[in-house]
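Just so we're aligned: 151 in full-length UniProt numbering is position 151 of the sequence shown, and the numbers increase by one with no gaps anywhere. Heads up, the thing below is written out as structure tokens.
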Amino acid sequence: MCRSIYLSIYLSIYLSIYLSIYLSIYLLIFVLIVLLDVKAEIILRQSDSQQAKPEESLQLKCAVEGTDVSSSLMHWIRQAPGKGLEWLLYFYSSSTNSYAPSIKGRFTAWKDTSNFYIQMSHLRVDDTAVYYCVRDTRVGKWMDGWIIIIIIIIICTIIYF
């Protein structure tokens with residue numbers, strides 16, 4: 001009789017500790033998921049209007065506030081007068097980038113921690129357009145968030161067990 005009471009008390013204590021640990025872990029994960037989804041205000045400021053003649057060169061700068069450009073996938077697009085938007089390039093790093101055939105070999109992009117640039121050489125009349133820089137929000141965030149969550153789960157598992 002006493003043995004079953006002790007066993008019952010032991011099991012209830014063990015289960016309550018076990019459940020509280022797991023609930024704490026899941027609560028922590030939930031809070032982190034919510035926090036990781038908080039978005040900061042990100043501002044893209046582009047160069048003032050510039051002009052160049054055919055065969056000249058021109059450099060545009062896009063200053064980015066609120067995020068580190070070096071870890072962002074960035075694009076340049078343009079809109080010629082009376083036409084739709086045209087994608088020009090994406091740039092993540094010197095080894096991860098892609099250029100539209102119409103600009104390949106003439107335009108070059110690069111970035112640092114807070115700026116994204118495009119150098120346009122051998123300009124042609126059909127390059128006349130309004131140029132826009134764009135930050136791709138699909139890259140990095142999802143994967144970075146899950147890596148952090150997995151690391152926290154592993155650490156909590158090691159600490160508690």
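The C-beta atom is built at its ideal place from N, Cα and C for all residues, glycine as well.
What do you reckon, are the CB atoms on residue i and residue j nearer than 8 Å?
i	j	result
Phe91	Ala63	no
Phe107	Val69	no
Trp87	Ile103	no
Val125	Pro54	yes
Ser57	Gln119	yes
What number of angstroms, rounded off, separates the C-alpha of residue i from the C-alpha of residue j?
i	j	result
Ser121	Ile43	27 Å
Leu89	Ile154	39 Å
Ala52	Pro81	16 Å
residue 219	Ser114	It is not possible to answer for residue 219, since the shown part of the chain is limited to 1 through 161.
Gly66	Arg135	12 Å
Tyr99	Glu41	28 Å
Asp112	Gln50	22 Å
Asn97	Gly105	13 Å
Tyr132	Leu123	17 Å
Leu73	Leu85	19 Å
Thr137	Pro101	24 Å
Gln59	Lys83	23 Å
Quick one: does the C-beta of residue i sit closer than 7 Å to a heavy atom of the ligand PLP?
i	result
Gln51	The ligand PLP is not part of the structure shown, which contains no ligands of any sort.
By the three-class DSSP mapping on this structure, what secondary structure does residue i have?
i	result
Ala129	coil
Arg154	According to the sequence shown, residue 154 is Ile rather than Arg. Correct three-state label for Ile154: helix.
Gly66	coil
Ser98	strand
Can you tell me whether residue i is buried or exposed? The criterion is at least 16 other CB atoms within 10 Å of its CB, across all chains shown.
i	result
Lys61	exposed
Asp48	exposed
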